[in-house]
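This is the structure:
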């Protein structure tokens, strides 16, 4: 595995990855990334997350087809030519990802467990601190490959 980056260097240099290499992901590397994700702080130490490793080609293709066919919300009108170029570049990268998502070596979807699914939506905000914890776990997992 590559030499590890420092925490702050990783935080300041991470970017969205839409052009992903199809190189195999060793199981030891995937485990290390997931282990980092489980170290995120969370309310009451409830571990309210679930990670699933997807390597099966048919399953990845099934996910890719649905991702590709999901409508993408539009963005506003660019304020200048530089912003227009950035939007066009991001749109092209997002389209590329949608067309090639099935080629990732291992998919790591992230799930959270609802506190109380029967609770009315207006009351769920009272437990925001508990809901943020799982998001921090996902952030750790997304940062993991860059740190390795």
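Numbering (this note's numbering), first residue to last: -9 to 138.
Here a beta-carbon is modelled for each residue, glycine too, at the ideal position from N, C-alpha and C.
The segment 37 to 76 is shown to contain whole alpha helix (DSSP H) runs of 4 or more residues at 47 to 58, in chain order.
Ranked by how close their Cα comes to the Cα of residue 62, the residues 85, 72 and 44 have 85 in first place.
An exposed status is given to residue 52, since fewer than 16 other beta-carbon atoms sit within 10 Å of its beta-carbon.
Residue 16 and residue 93 do not touch by the CB rule: their CB atoms are close to 17 Å apart, not below 8 Å.
Here residue 24 really is in contact with residue 41; their C-beta atoms are around 5 Å apart, less than 8 Å. Only exposed fits residue 64, as fewer than 16 other CB atoms lie within 10 angstroms of its CB. A straight-line Cα-Cα distance of about 34 Å links residue 76 and residue 39.
Burial check for residue -3: the Cβ neighbour count within 10 Å stays below 16, so the residue is exposed. Here the alpha carbon of residue 58 sits roughly 32 Å from the alpha carbon of residue -1.
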